[in-house]
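For the first sequence, numbering that gives the first Met the number 0 assigns the number 0 to the initial residue and increments by one for each residue that follows.
For each residue, glycine too, the CB sits at the ideal point set by N, CA and C.
I have placed the structure first, in the form of structure tokens, so that the comments after it can refer back to it.
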Amino acid sequence: MTDSWDVRILTASYRREGPQEEPVIELFGRTREGKSVAVEYRGFKPYFHAVRPSQVLVNYFSKDSEVLKVEPLELEVQGRKTPCAKVTLQHPWKTPEYRERARKHGSDVLAADIPFAHRFIFDFDLAACVRVHGAPSTGKYTTDLVVKAERFEPCDPFNPRLKVVSFDIENTIKDPTILCLGLAWREDGGEIRTDILTGHEKDIILGFIEFVKRHDPDVITGYNIDGYDLPIMEQRAQVHGIPVLPLSRDGQGITNIGERFWRTHGRIIADAWWAVKLELHPKQESLDAVARWLLGEGKHDVDRVHMDDEWARNRERVLEYCKKDAELALRVLEKVARLDKAMDLGVVSKLPVDDTFNSRTSTMIDSILIRAADRQGVGVPMTRTGGGGKSIEGGYVHSLEPGLYEWVIALDFSSMYPSIIIEKNICFTTLSDAGTIESPMGVRFMNPQQRVGLLPKILGDLLRQRREVKAKMKAEADPERKEYYRRLQDAVKVLMNAFYGVLASSFYRFTNPEIGASITAFARENIKSVISQLEADGVRVIYSDTDSIFLESPSKDKDGSVAFGRKVAERFSAGNVNMELERVFRSFFSHGKKKRYAAKTAWPVEDELIVRGYEIRRTDAFNLQSESQKRDFDLVLDNDTEGAVRLAKELVAEIHAGRIPQDMVLEDGEPLEPLVISRTVSEDSRYVNPDSMSNVLAARKMRELGYEVVPGMKVSWIVVDAKKAPMHVEPWVSGRPFEFKPDWEYYARRVAQTLAYVTEVYGWDERSLLMGTVQADLFHENFDGEKEEPKKVEVLKTDKKLTLEDFF
DNA sequence: AACTGTGGCTAACTCC
DNA sequence: GGAGTTAGCCACAGTT
């Protein structure tokens, strides 16, 4: 009896079956009706290609019992049709061994590093969702359904509700013996339920395994589980004779992929910390800080250094705390909606959710490109390893003069690199000395009449797809559907950018430095030519970065600027290259350094403060610094330069005196929180001199206090003595009182430094801002700072000379 | 011997 | 992933 199920694929893997250890493909997912399902497919075999195999190699492989078949075929290798052999093996894990044998016999190998489950997905051209035809079956799976698949066909994508289980452990500091394990999940998508496992450590671990088995979640989450809870659980399980943690849907263990990520058949291991970090770039990364910020709710803290005492005296509190952690991690993961995003990326890149959640972007590009290459008989090169040759030249950045400008027009080329790839037909399949398109660096590509490249074709399709989805989004009335389309078009954009990302890297399998460098060279040539054309017409170009151009508007009003901007955009749009008017700024400020500016918009929205590069945007700036700078920008951009200088002096004086302006402290926030500095910390071994680095020192003290600090995580601190070298810092633990005295002089200096970017154009540099306060403090009266005042730099004001008509 | 300024160098972060 | 900015350490030289 055969039947069919529409399945959203969550993970893809294979297992070994029977004495012959035959590989069985497993696709795990959820059906349209919301049932969890394990789909099995038998009979698919691994293979790779050997280029120009010698007869000796063919004979040698043919006699080997591991090798099922050696078939001749022709593949395009470096632009030429080349005789190759398709070598089919019995066992996927044998591929590395056999590709080395082929190499020893003088053959290059192709497509010999594609994970078996991906090979299956590509060959059957499966997408994120698929209609599975087959028969109901049974097996050692925890899923609602097991299906023995016979064939697959496409189906409309859908996003089933995923079952997520969150957990958190508490352990003693030294062993680290697990004391309890908190659990949180939503019952049928409704209310959050929590539970706690405690007692003997072994029972806790077995209890968790049992819970996962019974509950059958699609996703296992928790805060910092990748780097903390899972490694500890695995370690403690081994102590009790449990070699692997069978948290999968087929009874197998969890495995560590490349230091950070974990895999388990049928489930996605989704670290909530990692999701928040990638999606929101929070300043502080502790669960307490993130939960406060995101959910407006912290957690109660327990004394971690004395966990054993706490556990003995205050057990209920620890248990509550542990459950709360699991619950908060679950809510944080839901809030950042990264699983939804991963599903959208899965739809556009035709991959299981696990791959778009936990893999590198090159996996997405592989998914699209390998299928296309296979269809056209183009050999799939191996990913280049090692090397690390010189990197290719990137985008062009125009320098900018310091000052305040009025009426500035921002234009940019939409999807510049993809447009260039399409327009210039750039591809590894068009790279040829016979080509008629020559890049500025002398690399030649065939024109589309000679041959349409794979990359241009794919990117053209994606561009079209994005336009269609955007059109649907605009036409859609239902807000939920509209939001879905918005996310989908965003996913297409992410995928397109990822294409450029991997092409620019010299390691990606399908590209080489010549191709990447040609793309950026065309881009630089293009943007520079636009700049010189505009300048030749008398338009002042203020700034430019890669694909954007900032112009001084010839008309000093909104409508005129918009009209002018539109004309310029139209003038430089042709074919696939599209220039758009992005914004019109009423005022625009920079202290003259690239990638840093602040501006106030007039169009398309009125009065929005846009800041790039400055401390306001930086996670390693303290909030007092960012907020001070923001207020100063606000004044300067409203042309209140006197006010900006006055505010700067006042702020520096206040901080110097050890006071934080009341309105800079968040409501019900800690009074010293505006002074917190956060930075990422790596392993000690990654640093030349770890002992001299604040982040390393803060991390050490955090660990001494019993907190989990994992490489790659941000640590937070307050500077208590900057005169020492290295400066003395004390860790800031969100939700716990801070018992040290900040080095106010240091903070005043940093704020002065930051504000001086703005005020020095008006005669107040960092020193004079600081001096002003020192003098005022000493004499208890105002000091006008005249002696310290450097000569005023002339303020740049855009002068009205030209009108629209001068250019068109 | 204790400051001050400079420049090399490492590291982190942001903009496209 | 390249381009670019900034902070902070540290060694070294020149003052005070």
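Going by beta-carbon coordinates alone, are residue i and residue j separated by less than 8 angstroms?
{"i": "Ser586", "j": "Ile408", "result": "no"}
{"i": "Phe427", "j": "Gly434", "result": "no"}
{"i": "Cys128", "j": "Leu318", "result": "no"}
{"i": "Trp184", "j": "Val164", "result": "yes"}
{"i": "Ile267", "j": "Thr30", "result": "no"}
{"i": "Tyr140", "j": "Pro91", "result": "no"}
{"i": "Arg316", "j": "Leu704", "result": "no"}
{"i": "Pro242", "j": "Gln251", "result": "no"}
{"i": "Glu854", "j": "Gly452", "result": "Outside the modelled stretch of the chain, which goes from 0 to 807, sits residue 854, for which no answer is possible."}
{"i": "Val55", "j": "Thr142", "result": "no"}
{"i": "Ile369", "j": "Ile457", "result": "no"}
{"i": "Thr639", "j": "Leu608", "result": "Position check: residue 639 holds Asp in this sequence, whereas Thr was assumed. It is not a contact, given that the beta carbons lie outside the stated cut-off."}
{"i": "Leu350", "j": "Thr362", "result": "yes"}
{"i": "Asn496", "j": "Pro455", "result": "no"}
{"i": "Thr171", "j": "Met306", "result": "yes"}
{"i": "Glu605", "j": "Leu410", "result": "no"}
{"i": "Arg235", "j": "Ile195", "result": "no"}
By DSSP's criteria, residue i is part of a beta bridge. Which residues make up the other side?
{"i": "Gly402", "result": "Ser589"}
{"i": "Leu430", "result": "Phe444"}
{"i": "Asn255", "result": "Trp261"}
{"i": "Gly28", "result": "Ile8 and Val36"}
{"i": "Val547", "result": "Per the sequence presented here, residue 547 reads as Ser, with Val not at that position. BP columns for Ser547 point to Asp411 and Asp544."}
{"i": "Ser677", "result": "Ser715"}
{"i": "His71", "result": "For the sequence presented, residue 71 should be read as Pro rather than His. According to DSSP, Pro71 bridges with Ala84."}
{"i": "Phe584", "result": "Val407 and Thr600"}
{"i": "Trp184", "result": "Val164 and Arg192"}
{"i": "Asp720", "result": "His727"}
{"i": "Met701", "result": "Per DSSP, none; premise fails for Met701."}
{"i": "His397", "result": "Ser543"}
Since residue i is in the alpha helix (DSSP H), which residue starts that stretch and which ends it?
{"i": "Met415", "result": "Met415 to Glu422"}
{"i": "Lys481", "result": "Pro478 to Ala503"}
{"i": "Lys212", "result": "Glu200 to His214"}
{"i": "Trp763", "result": "First-last for Trp763: undefined, no H or E at that position."}
{"i": "Gly559", "result": "Lys557 to Arg570"}
{"i": "Leu461", "result": "Leu453 to Ala474"}
{"i": "Arg630", "result": "Asn622 to Leu636"}
{"i": "Ile830", "result": "Given a span of 0 to 807 for the chain in the structure shown, any question on residue 830 remains unanswerable."}
Grab the span of the beta strand (DSSP E) containing residue i for me, first residue to last.
{"i": "Asp167", "result": "Val163 to Asn170"}
{"i": "Cys321", "result": "Taken as a continuous stretch (DSSP letters only), Cys321 belongs to no beta strand (DSSP E), being part of the alpha helix (DSSP H) at Arg314 to Val335."}
{"i": "Thr220", "result": "Val218 to Gly221"}
{"i": "Thr818", "result": "Since the displayed the chain opens at 0 and closes at 807, residue 818 lies outside it and no answer follows."}
{"i": "Leu125", "result": "Where Leu125 is concerned, there is no enclosing beta strand (DSSP E), given that its DSSP letter is neither H nor E."}
{"i": "Tyr46", "result": "Tyr46 to Val50"}
{"i": "Val145", "result": "Leu144 to Pro153"}
{"i": "Ala535", "result": "Taken as a continuous stretch (DSSP letters only), Ala535 belongs to no beta strand (DSSP E), being part of the alpha helix (DSSP H) at Pro512 to Ala535."}
Compute the Euclidean distance between the alpha carbons of residue i and residue j, then round it to the nearest angstrom.
{"i": "Lys629", "j": "Val538", "result": "30 angstroms"}
{"i": "Ala271", "j": "Trp4", "result": "31 angstroms"}
{"i": "Met381", "j": "Tyr395", "result": "31 angstroms"}
{"i": "Asp225", "j": "Met440", "result": "45 angstroms"}
{"i": "Val576", "j": "Lys334", "result": "37 angstroms"}
{"i": "Glu682", "j": "Pro710", "result": "6 angstroms"}
{"i": "Lys790", "j": "Val651", "result": "Because Lys790 sits at a pLDDT of 35, beneath the cut-off of 50, its placement in the model cannot be relied upon, and the following sentence gives the value as read from the coordinates. Approximately 21 angstroms, taken between the alpha carbons."}
{"i": "Met472", "j": "Ser414", "result": "19 angstroms"}
{"i": "Met770", "j": "Lys722", "result": "18 angstroms"}
{"i": "Ala697", "j": "Lys103", "result": "51 angstroms"}
{"i": "Val757", "j": "Thr600", "result": "18 angstroms"}
{"i": "Glu16", "j": "Phe47", "result": "22 angstroms"}
{"i": "Asp776", "j": "Pro736", "result": "With a pLDDT of only 39 at Asp776, under 50, the local geometry of the prediction cannot be trusted, and the value read off the model is given with reservation. Distance between the alpha carbons of Asp776 and Pro736 is about 30 angstroms."}
{"i": "Lys68", "j": "Tyr507", "result": "29 angstroms"}
{"i": "Ser547", "j": "Lys527", "result": "11 angstroms"}
{"i": "Pro891", "j": "Pro281", "result": "In the structure displayed, the chain extends from 0 to 807; residue 891 sits before or after that span and is not available."}
Three-pair Cβ contact test at 8 angstroms for the stretch 325–345 versus the stretch 459–476: no
Three CB pairs or more closer than 8 angstroms across the stretch 417–427 and the stretch 513–526: With contact defined as three or more Cβ pairs closer than 8 angstroms, the stretch 417–427 and the stretch 513–526 are in contact.
contact_flag[the stretch 602–622, the stretch 671–688] where n(CB pairs < 8 angstroms) is 3 or more: yes
Any 3 or more C-beta pairs closer than 8 angstroms across the stretch 336–347 and the stretch 741–749: The count of Cβ pairs closer than 8 angstroms, one atom from the stretch 336–347 and one from the stretch 741–749, stays below three, leaving the stretches out of contact.
The stretch 685–702 / the stretch 650–667 touching (three or more Cβ pairs under 8 angstroms): no
Sufficient close CB pairs (3 or more, under 8 angstroms) joining the stretch 398–406 to the stretch 591–603: yes
Cβ contact (3+ pairs, closer than 8 angstroms) linking the stretch 118–127 and the stretch 149–164: Cβ pair count under 8 angstroms is three or more, so yes.
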